Amino acid sequence: MQRAFPMPADASASGSLFAQDMRAIREQQGVSIEAIHEETKIPIGLIEAFEESALFDHPQFNIVYLRSFVRTYAEMVGIDPQEAVEALDRAREGRYARELAIAHLGLAAEDVAPPPEPPPEPPPEPPVEPRAEPEPPRSVRPPTPPPPATTPAATPPAPAPAVTPPPPGASAPDVASVWWKNPRILWALVIALVVVAAVLVALVMGRRESAPESVVGSPADSSRAAEAETLAVEVPPPRIVLGDTFVVLVRAAKDRLDPIRVKVDGDLRRPYWIERDSARAFAVTEQIILEEQLDDIEVAVDGIPYPTDRRDARGRLVLSRSALQAYLDSLHQR
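For what it's worth, this note's numbering labels the leading residue of the sequence shown as -13, then goes sequentially.
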């Protein structure tokens, strides 16, 4: 569904001034809201909302809808539709300076305050460099005098130790022939071999058990990810339901409509002349019927495009509430 168009921050104030001037022109011309409603079939509440805020914050009125609405309103109050549309565009940009009030209500130009300008941006502050702190003075110590040289006293040489020769026939013990005769050494070697073998067996078994777990776990993870993606894709959009009054926009897309004939609800069939690339909005309660030059138009219902080739046996485009709701439901199910 179409959303409200983006506007500058000061467009809301300009829109209020624009709506206020349009209402004042209507009152000066002696045209009532009921008269506009009877002629255009636009709901009274929508006209009152336009005279308050110019419908800038209405979720269903994009710029095409709003320009068509302003053209119709301007024709009813007796001012040039193009002049009103240009004032609307200036209000959307925040530049409306009461031009309609000056031209049609006798307001003096010098009494109009100029549009507020945005405050200038402050110049950027220069970067503050850190101040280098002075180094504390280093204390100067006097050089330490070298210690006085001392002459070592002469010591008599130590007597050489007496060496006792080994007894004849004695020899060093053979270690290789003695270690296996010690039972403590043998038991220590056996225990060390058992520990090493147990560690090797545990490492091999741990590798064999970890490999299947990783293989079995990967499909589950992938299936969960696929499930999450499927759920994210399959979330349907919200269902669109027509309100008590829905807006049908007819746009002259290919050529000037000269004229197109329209019948809204129980009203008479009326001709409408629409210039090329312009549009006209119709407020509908139950049904609208379009005739003639249907190949040159584009139709939207509450901002949603509707095909123009669904015609009856007489070549008319009949848009009833039930048919439109069925079409919107078919879009929801896709």
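Cβ atoms here follow ideal geometry from the backbone N, Cα and C, with glycine treated the same way.
None of these values were measured; they are calculated from a predicted model.
Nearest-angstrom beta carbon gap, residue j and residue i [assumed within contact, 8 Å]
i, j, result
"GLY1", "PHE42", "4 Å"
"GLN273", "LEU314", "Actually they are not in contact, since the Cβ atoms of GLN273 and LEU314 sit about 16 Å apart, beyond 8 Å."
"VAL287", "PHE232", "6 Å"
"ARG297", "LEU280", "7 Å"
"GLU25", "MET62", "6 Å"
Cβ neighbours of residue i in the same chain (closer than 6 Å, five flanking residues each side left out)
i, result
"ALA60", "PRO67, ALA70"
"GLN311", "LEU228"
"PRO257", "PRO245, ARG247"
"ILE290", "none"
"ALA87", "ASP7, LEU93"
"GLU278", "ILE246, ARG247"
"ARG242", "GLU261, ARG262"
"ASP275", "In the sequence under discussion, the amino acid at residue 275 is Ile, which differs from the Asp named in the question. So the qualifying residues of the chain are LYS249, ARG302, VAL304."
"ARG225", "HIS318"
"ARG76", "TYR82"
"ILE28", "ALA269"
"TYR292", "VAL285"
"PHE47", "LEU41"
"ILE177", "none"
"GLU85", "ALA73"
Whether residue i touches residue j by CB criterion (8 Å)
i, j, result
"ILE33", "ILE22", "yes"
"GLY64", "GLN15", "yes"
"LYS249", "ASP282", "no"
"ARG237", "ALA265", "yes"
"ALA83", "GLU37", "no"
"SER39", "LEU235", "no"
"ILE30", "ILE19", "yes"
"TYR51", "ALA299", "no"
"VAL270", "ASP251", "yes"
Simplified DSSP assignment, three categories, for residue i
i, result
"GLN46", "coil"
"ALA40", "coil"
"ASP315", "helix"
"PRO29", "coil"
"ILE65", "coil"
"ARG78", "helix"
"LEU86", "helix"
"VAL187", "helix"
"LEU93", "coil"
"ARG320", "coil"
"VAL17", "coil"
"SER54", "helix"
Spatial neighbours of residue i in its chain, beta-carbon cut-off 7 Å, leaving aside the 5 residues before and after
i, result
"SER17", "Here residue 17 is Val; the residue named in the question, Ser, does not match the sequence. Once the five neighbours on either side are set aside, the close Cβ partners of VAL17 are MET62, VAL63."
"HIS90", "ILE11, ILE65"
"ASP253", "LYS27"
Cβ-based neighbour list, residue i, same chain, cut-off 8 Å, excluding 5 preceding and 5 following
i, result
"ALA35", "LEU41, HIS44"
In chain order, each beta strand (DSSP E) run of at least 3 residues that lies wholly inside the region 277 to 309: As far as the region 277 to 309 is concerned, its whole beta strand (DSSP E) runs of at least 3 residues are 283 to 287, 290 to 292, 303 to 306.
Segments of 3+ residues assigned as beta strand (DSSP E) that fall wholly inside the region 222 to 280: Segments of the beta strand (DSSP E) lying fully in the region 222 to 280: 232 to 238, 243 to 250, 256 to 260, 265 to 270, 273 to 277.
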